[in-house]
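Residue numbers (this note's numbering): 35 to 533.
For glycine and all other residues, C-beta sits at the position ideal for the given N, C-alpha and C.
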């Protein structure tokens, strides 16, 4: 009975432990479902991060292409600037050469004016000298005529003296004539020079007209050069601004590249952690599946054992009830036998007392008594065989009870091992929960970084629009500069043709 109570207590404890294990298993299933949901959410977040990463990579590629296009446009603007600078230097050199030529022409004109004045003065001096020589010649001729008349009328000198005077006079006259011829030749030369000088002012006037036109062209070119300087300064400022913006964009691009690399590393780390978590979840799922299989198997075995135990208890109860009934029957039979024996003995005593009176009845009674004794012996043998059978059945029941107790102890050991496994699984799930919490924190940080990157990308997009607007303005300025360059080239060709 005590062993039966212990078995009942153990069965109750086992039922309670089974209920507790079912509750823990349900909690584990709920926790596993939550972990799977979190793993799915983490997978979706990871896919979102991968898609965001791809979108950021595409936007980064677009920004890189835009930066390359801006750098190409800046290089084109720089080349255009160098071209304009070269054209400006060439125009400046041409203007300087034209200024030097104009200075040379001015100097030449001044020299020609001075020479012309000198020639005028020389001509006037020569004319005055010629007039003086003519006057002296006329005076000498007049004196000669006077002397001749005087000599002819007065006859004051002789013929020799007159011839000598005449020779001297002729020599003087020839000298004067030579001087006059030389003077005349010089006058002719001066007249020729004067005529040449008279043609020179026409050339000088045409040259001055050309000079004025050239000065006008130079002024126009100066204005164009000043405009080009202003445009060049504007282009340089725009280029510096674009260079600064390109540098800022390059810095933003480098920062984005660093952030993308960091996100790549974090994504790879998250992917590795997610893979580990997935593997651990898979192992946990497999372990949980194996655990659930073991639990189902143990529950089936437990149910079979419970059924066997119930059957054993029922058999034991039946055997106990049967044994009790047998004991009761044995006691009843013993009591009846003892009573009957007592009755028989009493009857025997009575019969002995009345032996003389009832010999026939005693003989009949003895015969019936012997029959009853044989019957009682047979019944006793039968009862002893039944008792032996009941004892054997009780031994079998005790052995079955011991086997059941062993099975119960074995099941209790298995339940303890299962509880240890469940505790380890609980610890592992706690570790998984901590890992999932860490992963969620990392995902929250990654989302925050993603939002910051989105804000930065929006600012970069605004900067890109501003740069595109600046590039459009530069293109318009480039078009205007090209048209002005074409105009300058046309004016230059016209100027070259005029020169």
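- Note on residue 499: under 16 other CB atoms within 10 angstroms of its CB, so exposed under the neighbour-count rule.
- From the listed residues 467, 144, 516 and 479, the smallest Cα separation to residue 110 is found for 516.
- Taking the Cα positions, residue 126 is about 15 Å away from residue 525.
- Of the residues assessed, residue 55 falls on the buried side of the cut-off, its CB having 16 or more other CB atoms within 10 angstroms.
- Each residue's CA atom was taken as its position, placing residue 437 and residue 334 some 18 Å apart.
- Within 10 angstroms of the beta-carbon of residue 465 lie fewer than 16 other beta-carbons, which makes it exposed.
- For the pair residue 475 and residue 481, the Cα-to-Cα distance works out to about 10 Å.
- Here residue 503 is exposed, its C-beta having fewer than 16 other C-beta atoms within 10 Å.
- Classified as exposed, residue 416 has fewer than 16 neighbouring CB atoms from the shown chains inside 10 Å of its CB.
- Between the alpha carbons of residue 121 and residue 155 lies a gap of roughly 49 Å.
- Taking the Cα positions, residue 81 is about 29 Å away from residue 461.
- Closest option to residue 457, judged by alpha-carbon separation, among 58, 43, 45 and 47: 58.
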